[in-house]
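Residues -19 to -1, 1 to 303 in mature numbering (1 follows the signal peptide of the UniProt record, and there is no 0) are what the sequence shown spells out, letter by letter.
A virtual CB, placed ideally from N, CA and C, is assigned to each residue, including glycine.
Each remark here refers to the structure printed beneath this line.
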Amino acid sequence: MATVTVRLLVLLTLMSTVAMKPSEAQLSPNFYANSCPNALSTIRTSIGTALAKDPTLAAALIRLEFHDCFVHGCDASILLEQSPTTNTTTEKTVPPNVSTRGYEAVDAAKAAVEAVCPGVVSCADVLAVAARDASAYTGGPSWDVKLGRRDSTSAYPDEVLTNLPYFKDDLQTLIDLFGRKGLGPRDMVALSGAHTLGQAQCFTFRDRIHGGNVTDIDDGFASDLRRQCPTVGGDSTLAAMDLTPDKFDNNYFRNIVQKKGLLKTDQVLFSGGLTDSIVVEYSRIPANFNVDFAAAMIKMGDLQPLTGSAGQIRRTCGAVNN
């Protein structure tokens, strides 16, 4: 009898937890099992084709998912183009979104799914799956993407600047920003590890390499970067985030330990603060990084999803349905 009582209490606790988070409870990796069983394989094939043509899109797709979820939740609002039915300004035209890309790859994946299952799979879910597939394609972790999101009918440009990290943010600012999303320091460091892929533009790290009193950067590393990024001009010149910008690995964290973080927001993760130990751990044990990155991406995917009758399933990702 006591065992039954304990089990009942556990069940009631779980039910109350579900009641507090109804939107998250409706997300499931099997959401399209009956309505569109080939959805995930169709997206994977489309994204694989795009990455085979341009491997740098992997970093772009993961970044696009991050920038979508951190602004009003994972609702594909970042994908909306300017039109009479949306805000006068889109999210993608507001810094730091002006350098985001990968939209064509998401549009192609969405079109491929629409050809198989019209009006069933949301752009928000296509983007979430594309980010996962980009990680796996480049040798990174894979994970079961929770599905069932619906798409926003509006963009939220006014929320971009206050919800996304800035490349000059200090550690506490980053911790606070992620904390407001329910993501802890470990989640933050793991998600920052997405910078193992891709490149950054000169203007984002110019102050770091040309500052006269900079002490948290390796001299040789800074010298090499100065040849690529002068004090004036060349703002869009690109530098790799680590030595293997098209491969998902832990070189990003090894660089940081050696004071070779490209952006200030990279190096502050290893600057005498509470995240130092996490960076060292990931630099030594890549498997831990992979596990934590996958877990953090799943957790991030739970940010304010639209479910049920909220929002809509957009036919094309750049526009609200008529």
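- For Lys34, the number of other beta carbons within 10 angstroms of its own is below 16, and it is reported as exposed.
- Our two residues, Cys17 and Pro76, have alpha carbons roughly 36 Å apart in a direct line.
- When secondary structure is reduced to three states using DSSP, Leu142 falls in the helix class.
- For Asn144, same chain residues with a beta-carbon under 7 Å away, outside a window of 5 residues either side, are Phe51, Val52 in chain order.
- One thing to note: Ser103 has its Cβ no nearer than 9 Å to the Cβ of Arg82.
- By the C-beta density criterion, Pro99 is exposed, having fewer than 16 other C-beta atoms within 10 angstroms.
- Residue nearest to Ser264 within the set Ala89, Gln7, Asp223, Arg296 is Asp223 (criterion: CA-CA distance).
- Comparing alpha-carbon positions, the option among Gln7, Ala90, Tyr233 lying closest to Ile28 turns out to be Ala90.
- Rounded to whole angstroms, Ile59 and Leu45 show a C-alpha spacing of 8 Å.
- Per the coordinates, the alpha-carbon of Val110 lies some 14 Å from the alpha-carbon of Ala277.
- The beta carbons of Val141 and Asn78 sit about 6 Å from each other, so the pair counts as a contact at 8 Å.
- By the neighbour-count criterion, in which a residue is buried when 16 or more other Cβ atoms sit within 10 angstroms of its Cβ, Gly282 is buried.
- A contact is defined here as three or more CB-CB pairs under 8 Å, and the segment 112 to 125 fails this definition with respect to the segment 201 to 218.
- For the set Gly292, Thr256, Ser22, the Cα lying nearest the Cα of Gln153 is the one of Thr256.
- Beta-bridge pairing by DSSP links Asp125 to no other residue.
- Non-local C-beta neighbours of Gln180 in its own chain, meaning closer than 8 Å and more than five positions away in sequence, comprise Thr37, Ala40, Leu219, Ala220, Ala221, Met222, Pro226, ordered along the chain.
- Here Val272 is near Pro122, since their CB atoms are less than 9 Å apart.
- The alpha-carbon separation between Asn11 and Ala20 amounts to approximately 11 Å.
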